[in-house]
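Enquirer: Numbering (the numbering used here), first residue to last: 281 to 612. Heads up, the beta-carbon is just placed ideally off N, CA and C, and yes, glycines get one too. So that we are looking at the same thing, I have put the structure below in structure tokens.
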């Protein structure tokens with residue numbers, strides 16, 4: 281069974297409620313049809329019911345079973361507006377402006393549904409830039425307890441099964457933070473470990489990557505990774521980790537034993553934390569192309585409740601798959 285099939289199987293067991301706020305995109309409607317047919321999640325679409333149904337008919341999408349909510353007619357809108365005013369009190373957001381946002385910004389409305397327990401996750405971005413999706417998520421959902429950083433990870437699925445756990449290995453952060461601090465790297469490690477557990481079902485073994493292994497080089501860039509490891513030490517986290525270490529020491533058993541013999545993860549890491557966005561983004565794309573690996577993501581992590589961002593060039597399948605991934609991120 282492939283990774284996505286396994287994720288969908290888990291999603292079916294939980295049957296979470298996921299909001300798709302960009303119902304004006306026919307790909308979203310077609311993806312909703314797939315999700316409803318496969319029963320990987322309950323679906324809420326945001327917008328005018330009549331128009332959504334007309335658009336679905338034109339697209340050939342059967343969305344029977346989806347809930348459709350129009351913010352302009354929603355009975356609970358006052359509670360949403362009041363909550364947004366309270367959340368943005370330090371920014372002096374007026375009730376008038378909050379009303380405008382809740383009634384005209386579907387991504388904010390969707391995130392508020394999740395915040396107040398009317399849904400459990402959001403998938404958006406097919407019709408909006410990443411910045412719009414993350415802005416709504418960070419202002420409404422906020423970060424998870426103990427985490428100050430929103431980041432991302434990719435689940436790399438390699439065909440030969442040599443590295444990670446039967447070819448599954450997570451890379452973080454490859455899409456959000458350009459130059460994370462040591463504390464942010466520690467947050468990325470903790471969040472990616474959670475993604476490994478909750479989404480992929482792995483027991484995480486986290487390697488903090490650098491061009492140095494256990495002090496083999498001296499440089500401020502190495503110190504940043506070392507400091508991240510020290511922060512993890514002080515946090516008393518519940519997953520195995522190690523570093524700083526080079527990529528080969530992290531994933532090749534013989535090299536790990538030689539370069540970092542006392543490490544719990546060297547040579548067998550299934551989560552790789554890159555020191556910055558340049559290395560992470562380059563790294564996942566090289567593995568994707570050279571190893572013909574599937575790159576599942578980016579999976580947004582570090583939020584208090586799951587919100588995921590789509591590429592504007594996404595396919596219908598990408599959307600339905602990300603709904604299943606989002607459903608597995610929900611923690612009871």
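Suppose contacts are defined by Cβ-Cβ distances below 7 Å. Is residue 542 in contact with residue 413 by that definition?
Expert: no
Enquirer: For residue 371, count the other beta carbons within 10 Å of its own beta carbon; 16 or more makes it buried, fewer makes it exposed. Which is it?
Expert: Taking every protein chain shown into account, the CB of residue 371 has fewer than 16 other CB atoms within 10 angstroms, so this residue is exposed.
Enquirer: Would you mind listing the beta strand (DSSP E) stretches within the segment 354 to 416 that are 3+ residues and don't spill past its ends, in chain order?
Expert: 401 to 404
Enquirer: Return the residue from the list 586, 582, 607 that minimises the CA-CA distance to residue 425.
Expert: Checked all of 586, 582, 607; the closest Cα to residue 425 is 582.
Enquirer: Enumerated in chain order, which unbroken segments of the beta strand (DSSP E) with a length of 3 residues or greater are wholly contained in the segment 489 to 530?
Expert: 520 to 525
Enquirer: Which of the three DSSP states is assigned to residue 560 in this structure?
Expert: helix
Enquirer: By DSSP, does residue 344 sit in helix, in strand, or in coil?
Expert: In the structure shown, residue 344 adopts coil according to DSSP, grouped into three states.
Enquirer: Across which residues does DSSP place residue 485 in a beta bridge pair?
Expert: 520
Enquirer: Which of helix, strand or coil does DSSP assign to residue 323?
Expert: strand
Enquirer: Would you mind listing the alpha helix (DSSP H) stretches within the segment 562 to 599 that are 4+ residues and don't spill past its ends, in chain order?
Expert: Taking only runs of at least 4 residues, no alpha helix (DSSP H) segment lies wholly in the segment 562 to 599.
Enquirer: Shortest alpha-carbon distance to residue 359 belongs to which of 392, 343, 331, 349?
Expert: 392
Enquirer: What is the DSSP secondary structure of residue 445, reduced to helix, strand or coil?
Expert: strand
Enquirer: With three or more C-beta pairs closer than 8 Å as the rule, is the segment 346 to 353 touching the segment 323 to 333?
Expert: Flag = yes, the segment 323 to 333 and the segment 346 to 353 touch.
Enquirer: In terms of residues, what are the limits of the beta strand (DSSP E) holding residue 437?
Expert: 431 to 437
Enquirer: Going straight from the alpha carbon of residue 466 to that of residue 537, what length do you get?
Expert: Their backbone Cα atoms lie some 24 Å apart in a straight line.
Enquirer: How do the segment 300 to 317 and the segment 370 to 390 stand: do at least 3 beta-carbon pairs fall below 8 Å, yes or no?
Expert: yes
Enquirer: Take every Cβ of the segment 598 to 609, pair it with every Cβ of the segment 313 to 324, and state whether three or more of those distances are shorter than 8 Å.
Expert: Put simply, the segment 598 to 609 touches the segment 313 to 324. At least three CB pairs are less than 8 Å apart.
Enquirer: Look at the alpha carbon of residue 235 and the alpha carbon of residue 576, and state the distance between them as a whole number of angstroms.
Expert: Residue coverage of the chain in this structure runs from 281 to 612, which leaves residue 235 outside it and unanswerable.
Enquirer: Helix, strand or coil: how does DSSP classify residue 426 here?
Expert: coil
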